[in-house]
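> For the sequence shown, the positions run -39 to -1, 1 to 239 when mature numbering (1 follows the signal peptide of the UniProt record, and there is no 0) is used.
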Amino acid sequence: MATDSPHPTRKALRRNVLALLAVLAALLATLVSVSSASAAPTPTIVLVHGAFADSTGWDGVATRLSSKGYPVQRFDNPLRGPAHDSALLEKKLAAIDGPIVLVGHSYGGMVITNVDDPDVVANVYIAAFAPAQGEFVQGLLNPIVYPGSRLLPPALQVKVVDDPTGVAGRNLDGYIARPYFREVFAQDVSVATAADMFAHQKSAALVANLEPSGPASWTRVPSWYLVSGQDRVIPPALQRFMASRVAPGHTSEVGASHVSMVSHPAAVTAVIEKAATA
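And the structure:
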């Protein structure tokens, strides 16, 4: 009486075992990938305001970032000069654990450019100065090369302020006069919003505009730039020039005034998220 050969059964068993091993291997790879992704720390976003503003200008952006799970901190920028202000910012960053994304608006770009911190994984410039080493604000705002800035007298006024960093405890600061504030600085926000921004305005030391930048962090830190296409403070053409050096391939534009973080917080938040997830 003939009996079936045992070999097909062993072959089938072997195929089943190999198939099971393949499934287990794929499952293990998926688990490792998910575990690695979940273990990656979420960067802390540090928002740095510029001249003629304070940290409340970041309210709309900070709220959106926090709702997406990002830790957010703001730097109360003294507006005294790039070296002084960046040194204070570095002290703040030293207390933050994990990766950091620095976001600078306007003169705040000078400050983040002069920061040296190994935990900074990205810079984001929002209508900001992004100097090369040795460049300074007033030099970049060359009206012959880049005309269009309306940050001039009578809109720009000066006053003497108490300042421990100045000569004999005093300094000469610039600010934007009330009648010109919305027209020059924030023409695309409501009258009420502009009035609130004016009430929060911080004057900036005039010497801060003449202080050369130190080594530029954007030469070693990946950077992003959002150009404000209707800017009346930093001409859009100057912004595009700086962005071409700082953030090639990471530059976008929004049809906004100088304060895009107030008038277009969603667009600003989107750029910051790109930098934070890159």
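The beta carbon of each residue, even a glycine, is placed where N, CA and C say it ideally should be.
These figures come from a predicted structure and were not determined experimentally.
With 16 other CB atoms within 10 Å as the buried threshold, where does S174 fall?
Buried, by the Cβ-count rule.
> To which residues of the same chain is L49 closer than 7 Å at the C-beta, ignoring the five residues directly before and after it?
Within the same chain, L49 has close Cβ partners P39.
> Taking the C-alpha atoms as reference points, what is the distance between L112 and T5?
The straight-line gap from Cα to Cα measures roughly 33 Å.
> Thinking C-alpha only, which one of V223, W19, G100 is nearest I195?
Taking only the C-alpha atoms, the option nearest I195 is G100.
> Got a sec? Which residues, its chain only, sit under 7 Å from V155 by beta carbon, not counting five neighbours each side?
The question names Val, but residue 155 is Ala in the sequence shown. The answer, listed in chain order, is F142, R143, A147.
> Residues in the same chain with beta-carbon distance under 7 Å from S221, minus the five sequence neighbours each way, listed in chain order, please.
Taken in chain order, the residues that qualify are I87, A88, L187, S189, V215, A228, V229.
> Using DSSP's beta-bridge definition, name the partner residues of K120.
DSSP lists D134 as partners of K120.
> Answer yes if the segment 167 to 185 comes into contact with the segment 204 to 218, meaning at least three C-beta pairs across the two stretches below 8 Å, and no otherwise.
They touch, by the three-pair rule.
> Tell me the residue span of the beta strand (DSSP E) that contains G65.
Segment 61 to 66, the beta strand (DSSP E) holding G65.
> Would you be able to state if there are at least three C-beta pairs under 8 Å between the segment 13 to 21 and the segment 161 to 169?
The segment 161 to 169, when compared against the segment 13 to 21, does touch it at the 8 Å Cβ threshold.
> Please report the residue range of the beta strand (DSSP E) in which R35 lies.
It spans 33 to 36 - the beta strand (DSSP E) in which R35 sits, taken as one unbroken run.
> Are the beta-carbon atoms of S151 and V81 separated by less than 8 Å?
No.
> Kindly list the residues whose CB is nearer than 7 Å to the CB of A44, restricted to its own chain and excluding five residues on each side of it in sequence; keep chain order.
Correct list, in chain order: N75, E172, G175.
> In three-state terms, what does DSSP make of V(-6)?
With a pLDDT of only 42 at V(-6), under 50, the local geometry of the prediction cannot be trusted, and the value read off the model is given with reservation. In the structure shown, V(-6) sits in a helix (DSSP, three-state: H, G or I).
> Expressed to the nearest angstrom, what Euclidean distance is found between the alpha-carbon atoms of G70 and A231?
Cα to Cα, G70 sits roughly 18 Å from A231.
> Please tell me whether V72 and Q34 are closer than 8 Å, where the distance is taken between their beta carbons.
No, these two residues do not count as a Cβ contact at 8 Å.
> If the criterion is Cβ atoms closer than 8 Å, does the pair A237 and A83 meet it?
Yes. Within cutoff.
> In angstroms, rounded to a whole number, what distance separates the CA positions of H219 and V119?
One C-alpha to the other measures close to 21 Å.
> In chain order, what residues of the same chain lie with their CB nearer than 7 Å to the CB of P2, ignoring the 5 residues before and after it?
These residues qualify, in order along the chain: G59, P60.
> Name, in chain order, the residues that DSSP records as bridge partners for Y86.
Its beta-bridge partners are G65, Y186.
> Mark R193 as exposed unless 16 or more other C-beta atoms lie within 10 angstroms of its C-beta, in which case mark it buried.
Classification of R193: buried, given that the 10 Å Cβ count is 16 or more.
> Could you please give the first and the last residue of the uninterrupted alpha helix (DSSP H) stretch that includes I233?
Its alpha helix (DSSP H) spans residues 226 to 238.
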